[in-house]
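These notes are about the structure you will find just below.
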Ligand code: HEC
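Numbering (the working numbering), first residue to last: 105 to 225.
Okay, here's the thing in structure tokens:
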């Protein structure tokens with residue numbers, strides 16, 4: 105008897121749990137991630153600083169790669185390596201190294217900034 109009770113409680117919470125999540129995602133996709141008005145100084149820099157500078161600032165320069173400052177970052181934008189690395193595309197070393205991939209929204213913001221010309225804005 106006790107066993108059945110536990111199983112049904114688990115079943116109910118699994119059902120409602122997933123249901124709520126799905127509905128929220130469908131109803132409010134734009135609240136989840138906004139790629140409007142992305143800029144280097146206001147958006148991209150903070151992501152790169154937070155997730156990449158510990159290995160790729162000018163002083164650390166891991167793998168002989170510095171992403172500190174616009175001009176240095178831009179080199180890896182232009183070569184396609186920045187996007188390839190953060191999207192874990194085939195042929196690139198997945199970044200941040202040995203850590204979980206950037207959240208989708210941060211990748212989308214960086215990709216938008218690049219598509220819009222990777223300006224020093
Ligand atoms: C723990 C240290 C570490 C962190 C954190 C890290 N990297 Fe790297 N990165 C490396 C190393 C080491 C290499 C040299 C290639 C290799 O060993 O995979 C590298 C290589 C790269 C390359 C060249 C990859 C290629 O295939 O040409 C890019 C671009 C890059 N990193 C970008 C980033 C970005 C963007 C972040 C943050 C999202 C980041 N890295 C975070 C250590 C790190």
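Built from N, CA and C at the ideal position, the CB exists for glycine as well.
In this structure, the CA atom of residue 223 is about 10 Å from the CA atom of residue 145.
In the structure shown, residue 161 adopts coil according to DSSP, grouped into three states. Annotation: residue 194 to residue 141 spans about 29 Å, alpha carbon to alpha carbon.
The ligand HEC has no heavy atom closer than 6 Å to the beta-carbon of residue 214.
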